[in-house]
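Novice: There's a structure below that I have some questions on.
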Amino acid sequence: MDYTIVIGLEVHVQLLTESKMFSSCGTEFGLPPNTQTDPVSLGLPGTLPVMNRKAFELALKTAVALGAEITRFTKWDRKNYYYPDLPKNYQISQYDLPFSTGGWLDIPAHKDGPGGRCRLTRVHLEEDTGKLIHAAGGFSEVDLNRAGIPLLEIVGEPEIRSPEDARSCLEELRLTLRYLGVSDCEMQEGSLRCDANVNLHIDVDGKTVATPIVEIKNLNSFSAVERALKYEAERQFAKWKEDGKTIKDAPKTTRGWDDEARVTKPQREKETAADYRYFPEPDLVPVVVDDAWLERVRASIGELPGQRRKRFETEYGLSPYDANVLVEQGQDVADYYDAVAKATGEYKTASNWVQQDVLRAAKERKIGLAEFPIKPDALADLINRVSRKELNTNQGREVLAKMIETGEPVEKVIAEGGYGMVSDRGAIAAAVEAALAANPKAIDDLKGGKKKPEAVKGFLRGQVMKQTGGKADPALVGELLDVKLAELAQ
Amino acid sequence: MTAATATGLLAQIHAGAVTAVEVARFYLDRAEKLGRLNALVNLDPEAVLAQAKAVDEKRKAGQPLGPLAGIPVAIKDVLCVEGEPTTCGSRMLKNFRPPYDATVIAKLKAADAVLFGKANMDEFAMGSSTENSAYGPTRNPWDEDRIPGGSSGGSAAAVAADLAPLSLGTDTGGSIRQPAGLCGVVGLKPTYGRVSRYGLIAFASSLDQVGPFAHDLADTALLLKVLSGRDPHDSTSVDTPVPDYSATLDTPPKTLRVGLVREFFGDGLDPEIEAAIREAVRVYEAAGATVKEVSLPHSKYGIPAYYVVATAECSSNLARYDGTIYGHRAEDFSPKYPGEEGLPPLVRMMMASRAEGFGAEVKRRIMLGTFALSAGYADQYYNQALKVRRLIRNDFDAAFKEVDVLLGPTSPTPAFKLGEKTSDPLSMYLSDIYTITANLAGIPGLSVPCGLTKSGLPIGMQLLAPAFAEETLLRTARVFERATDWHTRRPALV
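Sequence order for the protein chains is C and L.
Each residue of the first sequence is one higher than the one before, starting from 3 at the first, in the numbering used here.
Each residue of the second sequence is one higher than the one before, starting from 683 at the first, in the numbering used here.
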């Protein structure tokens, strides 16, 4: 029996604003509990919300970038429920007139699949709730620093068909939101949160049977999303084989992911269906988005990851694989590469240097490219020296490593290390002769057909390089060796 | 010294005839003597005198004085005053001291007014008699066995009894105009959006509005000017210029077209009140007004629509009082009724706290509103009520094409006896029948004294005008005030 896993993601993203959604209170993360509060975000009796236009604009920017339809007349609603992390016992949200509907996110090809388009149902804006900290002695403590932070809810259509695609979709969303500069999307800090709705479509004698939908909560990392979905698919399949229950037999349930035990566990269900008693928020006025505003927002959107991948392929001739590696690791990497590529004109070479040397070094040092000691123009300078044959590639790599280590400029590292490529034909020819003379066995092997010509040539090239202290122009060494070996073969 | 209007006191203070401290002492003395009226709660004499002293010092130092310098203003207990008890007449908030000032309070302070205690009110502004207060009822200064109206009964009684020359109230369905009428003072509900609601503890957000109580229109104009204006803390406040109401008060309006709403003269209107209103119409006619009858055909749906919208909003606005962060917290929340054993302690705590903290009328309205917003019922009730609101607004728009102001009684009966309607919520609700539509439409309304019944109870006349036409309202009312002396009558208090 075969089944398809059906996944719909619901993502909450905190917007990067100085102040909260409905008050001028600060939003900094990681401060002592209840220090980022003011009368409005505390929900003090008598206070009133005032919309943060900046937050609304970031939300608009996101929705426009996701190709969503912008609602020109949108309003706020109250979602009523009692919970101690919600100081007013209602959340200001959007119900029947969200500021945007539709849109999509293109999942790029990844190692486990070709990617594809995930359409969005809606994007709306709301205020975040506070946080409960479960303290000793069975007490819960309320921290309202987070209460009122602008929160974007992005609801995807249930069109994702694999846990890997779900993860890629989230990663691409994070990348896009970071490119837009609307959120830092840190799952650990809770500025990006994800719930996943999942069930299976099982093929039974040519007919499709759907299992009951489960909403998975407590997904705290991208890998947890993938793991939880894989687990849940297997669990649902096993459960269906056991009890045969379908979507018609059981309501949607909620399960929490336990990343340590690597299982989903049932969460306490409310006895009755939640009735949030939505109604229009009377303390706020509706928002009218006119053409001019929308145009300004549209104009503020720069190149997005998808567009950049395409440009790297068409403008720089990179393979889709290389273009993706450079883009998916974040805007700083792609920016870095872009600068090096432009300054050298050696697009493929620049891609190799950035992917192999720069990213590895940065990873070792656990730093981002913004803090990386070698700026793009310095790397471009080094690459240009290699292309001008002042250094060979291996020397270039060594020079770069030393530059990173010492922080010295390229000229100094080259001078002190005595780097420089020997391109003198006579000197290299002499070294080739010497290598041949010193290794008669290699010649015998070649003549006797014991070893392949390429192997012998490789060995001798190494000997020549050794003799020249690694400075010989590798192309010239190869050329002269070819001539000599051809002579010997006759 | 003797009690006077704010305008009169200001002249004396500016002339140096009395000091602000003398004024404060005089009113503190009266408030103490007339404490039995239970109009003021949480009056702190030291705080009052300190403010008055500050005004006197400012004057002595030759610094410019604000427009209400040294004038005591009683504050309805629903408005937040930093550090002062602000209880909404509820056990729920008996320990609440806001850490911030309502915008209208900040404006009064900036105007050098002297905040003169908190005025009693129906709990969370829900009621028409000031009997629903955790502090007990306020008595009507004209007949102490009768109610002062509500919910701003304490504010109205305070001015009527000269405990303070001015006071602030709030009006959600008539809570300024109705007690003003029943206590023989002027009360004005401004256009929705004219005065900031920031710091007004919400009952029904789309209807609530802060407004002044005073003895006459000059004082009303003075206080309204101070209160009005766009507030960046209130998105629903409107950025429309605030006219100098006092400067134009004595200039009669260019046109004086008065409409009598047919629906406001129907069954249930006390004949003595009707007679007083008809007499007021004759005063206007004598002043050259053209009077015609107009109709507000949808006004009969006003009360039901109001009790859906207002209760729906209140069910949400009052949700935060659950003993967790805000409001009274029950000490004992052990399971008491079958089925409660299974509830988490947090839920039981919220239930017990709300059961203990809220009075009966507030609970009734929370339940009504919760029901009206529930899935499956919202279309039938809440959304339907919003449609009625639009129709009522359209009615007013049509009427104001023909007339400048609408004139009628403020309430159908004079002040009733304490306890008379407490067991009959519906008849209590009907005492707002003429005032409620103005809140639903968002237009301004004014109640001015226009007579006394044979038994000596005040009668109020209500004038309504289009949105932001407070100036028209005041100038039109002033035509009547100049021709009559009802505004000079005072209850015989000993």
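Every residue, glycine too, gets a C-beta built ideally from N, C-alpha and C.
#1: Helix, strand or coil: how does DSSP classify L:Leu909 here?
#2: Compare the beta carbon distance of L:Leu710 and L:Ile757 with 8 Å and say whether it is the shorter of the two.
#3: Pull out every residue of the stretch 898-929 of chain L whose Cβ sits closer than 8 Å to any Cβ of chain C, in chain order.
#4: 8 Å is my cut-off, CB to CB: does C:Met405 come that close to chain L?
#5: Going by beta carbon distance, what residues of the same chain come within less than 7 Å of C:Glu59, once the five residues before and after it are set aside?
#6: Starting from C:Gln465, follow the alpha helix (DSSP H) in both directions and report where the run begins and ends.
#7: According to DSSP, is C:Asp167 part of a helix, a strand, or is it coil?
#8: Within this structure, are the beta carbons of L:Ile829 and L:Gly835 separated by less than 8 Å?
#9: Any C-beta of chain C sitting closer than 8 Å to the C-beta of L:Cys1132?
#10: Taking C-alpha atoms, which residue in C:Trp242, C:Glu392, C:Gln38, C:Ala491 lies nearest to C:Asp145?
#11: Using 8 Å as the threshold, is the C-beta distance between L:Asp726 and L:Gly799 below it?
#12: With 7 Å as the C-beta to C-beta threshold (strictly closer), list the residues of the stretch 989-1015 of chain L near chain C in chain order.
#13: Going by the CB atoms, is the gap between L:Phe708 and L:Phe806 shorter than 8 Å?
#14: Please classify C:Leu134: does DSSP put it in a helix, a strand, or coil?
#15: Find the nearest neighbour of C:Phe101 within the set C:Asp130, C:Ala61, C:Gly115, C:Arg119, judged by alpha-carbon distance.
#16: Identify the contact partners of C:Val144 in chain L, using a Cβ-Cβ distance below 8 Å as the criterion.
#17: Could you tell me the alpha carbon to alpha carbon distance between L:Pro986 and L:Ala1067, rounded to whole angstroms?
#18: On the criterion of 16 or more Cβ atoms from any shown chain inside 10 Å, does C:Tyr201 qualify as buried, or is it exposed?
#19: Can you tell me which of the three DSSP states C:Lys365 falls into?
#20: For the beta strand (DSSP E) that contains C:Tyr92, what are its first and last residues?
#21: How would you list, in chain order, the residues of chain D whose beta-carbon sits under 8 Å from the beta-carbon of L:Ala784?
#22: Could you check where the alpha helix (DSSP H) with C:Arg237 kicks off and where it finishes?
#23: How far does the beta strand (DSSP E) with C:Glu12 in it reach, from first residue to last?
#24: Could you tell me which residues DSSP pairs with C:Cys196 in its beta bridges?
#25: Does chain L have any CB closer than 8 Å to the CB of C:Val157?
#26: Which class does L:His696 belong to by DSSP, given the choice of helix, strand or coil?
#27: Touch check for the stretch 333-343 of chain C and the stretch 116-124 of chain C: three-plus C-beta pairs under 8 Å?
#28: Near L:Val965, which residues of its chain fall below 7 Å by C-beta distance, leaving aside the five closest residues on each side in sequence?
#29: Taking Cβ-Cβ distances shorter than 8 Å, what residues in chain C pair up with L:Arg779?
#30: Buried or exposed, going by whether 16 or more other CB atoms sit within 10 Å of the CB of C:Leu134?
#31: Whole angstroms are fine: how far does the CA of L:Leu1089 sit from the CA of L:Ser977?
#32: Quick one: residues in its chain with C-beta nearer than 7 Å to the C-beta of L:Ala903, no 5 flanking neighbours on either side, listed in chain order?
#33: Could you name the residues of the stretch 278-290 of chain C whose beta carbon sits closer than 9 Å to any beta carbon of chain L, in the order they occur along the chain?
#34: Below 8 Å on the Cβ atoms is my guess for C:Ile218 versus C:Ala230; work out the distance and round it to an integer in Å.
#35: Hey, quick one: how far does the alpha helix (DSSP H) through L:Ile787 stretch, first residue to last?
#36: Pull the bridge partners of C:Asn201 from the DSSP assignment, please.
Specialist: Working from what's here:
#1: Locating residue 909 of chain L in the second sequence gives position 227, counting from the first residue. Looking at L:Leu909 - three-state DSSP - the assignment turns out to be helix.
#2: Numbered from 1 along the second sequence, position 28 holds the residue referred to as residue 710 of chain L. Numbered from 1 along the second sequence, position 75 holds the residue referred to as residue 757 of chain L. Not in contact: L:Leu710 and L:Ile757 (Cβ atoms no closer than 8 Å).
#3: Pro914, His915, Asp916, Ser917, Thr918
#4: Indexing the first sequence from 1 puts residue 405 of chain C at position 403. No, because no Cβ of chain L sits closer than 8 Å to the Cβ of C:Met405.
#5: Here residue 59 of chain C corresponds to residue number 57 of the first sequence, with the count starting at 1. So the list reads Val299, once near-sequence residues are dropped.
#6: The count along the first sequence starts at 1 and reaches residue 465 of chain C at position 463. Run containing C:Gln465: 455-469, per the alpha helix (DSSP H) assignment.
#7: Position 165 of the first sequence, counted from the start, is the residue given in the question as residue 167 of chain C. Helix, per DSSP.
#8: Within the second sequence, numbered from 1, the residue matching residue 829 of chain L stands at position 147. Within the second sequence, numbered from 1, the residue matching residue 835 of chain L stands at position 153. Yes. Within cutoff.
#9: As a first step, residue 1132 of chain L must be located in the second sequence, where it is residue number 450. False, the Cβ-Cβ gap to chain C never drops below 8 Å.
#10: Walking along the first sequence from the start, residue 145 of chain C turns up at place 143. For C:Asp145, the nearest C-alpha among the options comes from C:Gln38.
#11: Position 44 of the second sequence, counted from the start, is the residue given in the question as residue 726 of chain L. Position 117 of the second sequence, counted from the start, is the residue given in the question as residue 799 of chain L. A contact, by the Cβ cut-off of 8 Å.
#12: Ala994, Glu995, Ser998, Ala1001, Arg1002, Asp1004, Thr1006, Ile1007, Tyr1008
#13: Walking along the second sequence from the start, residue 806 of chain L turns up at place 124. Walking along the second sequence from the start, residue 708 of chain L turns up at place 26. No.
#14: Within the first sequence, numbered from 1, the residue matching residue 134 of chain C stands at position 132. Here C:Leu134 sits in strand by DSSP.
#15: As a working mapping, residue 101 of chain C is identified with position 99 in the first sequence. Checked all of C:Asp130, C:Ala61, C:Gly115, C:Arg119; the closest Cα to C:Phe101 is C:Ala61.
#16: The count along the first sequence starts at 1 and reaches residue 144 of chain C at position 142. Thr1006, Ile1007, listed in chain order.
#17: Position 304 of the second sequence, counted from the start, is the residue given in the question as residue 986 of chain L. Position 385 of the second sequence, counted from the start, is the residue given in the question as residue 1067 of chain L. Going by the C-alpha atoms only, they are around 8 Å apart.
#18: As a first step, residue 201 of chain C is located in the first sequence; it is residue number 199 there, counting from the start. It is Asn, not Tyr, that sits at residue 201 of chain C in the sequence shown. Buried.
#19: Your numbering for residue 365 of chain C matches position 363 in the first sequence. Reduced to three states, the DSSP call for C:Lys365 is helix.
#20: For the purposes of this step, residue 92 of chain C is identified with residue 90 of the first sequence, where counting begins at 1. Residues 92-95.
#21: Judged by its chain identifiers, the structure shown contains no chain D, and its protein chains are C and L.
#22: Along the first sequence, one-based indexing puts residue 237 of chain C at 235. Unbroken alpha helix (DSSP H) run through C:Arg237: 224-245.
#23: The residue given as residue 12 of chain C occupies position 10 in the first sequence. Note, C:Glu12: beta strand (DSSP E), 4-16.
#24: To locate residue 196 of chain C, count along the first sequence from 1; it is residue 194. Looking at the DSSP assignment, C:Cys196 forms a beta bridge with C:Val13, C:Leu221.
#25: For the purposes of this step, residue 157 of chain C is taken as residue 155 along the first sequence, with counting starting at 1. Chain L, which has no Cβ nearer than 8 Å to the Cβ of C:Val157, makes this no.
#26: The residue labelled residue 696 of chain L in the question sits at position 14 within the second sequence. Three-state DSSP puts L:His696 in a helix.
#27: no
#28: In the second sequence, residue 965 of chain L corresponds to position 283, counting from 1. Only Phe1162, Ala1165, Thr1166 meet the Cβ criterion.
#29: Here residue 779 of chain L refers to the residue found at position 97 when the second sequence is read from its first residue. Chain C residues near L:Arg779: none, gap ~11 Å exceeds 8 Å.
#30: Sequence index remark: in the first sequence, residue 134 of chain C carries index 132 (1-based). Classification of C:Leu134: exposed, given that the 10 Å Cβ count is below 16.
#31: If you number the second sequence from 1, residue 977 of chain L lands on position 295. If you number the second sequence from 1, residue 1089 of chain L lands on position 407. Straight-line Cα distance between these residues: approximately 12 Å.
#32: To locate residue 903 of chain L, count along the second sequence from 1; it is residue 221. If we look at L:Ala903 and ignore the five residues flanking it on each side, its Cβ neighbours are Tyr927, Ser928, Leu931, Leu1156.
#33: Tyr278, Arg279, Tyr280, Phe281, Pro282, Glu283, Pro284, Asp285, Leu286, Val287
#34: Here residue 218 of chain C refers to the residue found at position 216 of the first sequence. Here residue 230 of chain C refers to the residue found at position 228 of the first sequence. Their Cβ separation, rounded to whole angstroms, is 5 Å, which keeps C:Ile218 and C:Ala230 in contact under 8 Å.
#35: Counting from 1 along the second sequence, the entry for residue 787 of chain L is found at position 105. Segment 785-792, the alpha helix (DSSP H) holding L:Ile787.
#36: The residue you call residue 201 of chain C lines up with position 199 of the first sequence. Note: C:Asn201 sits in a beta bridge opposite C:Val8.
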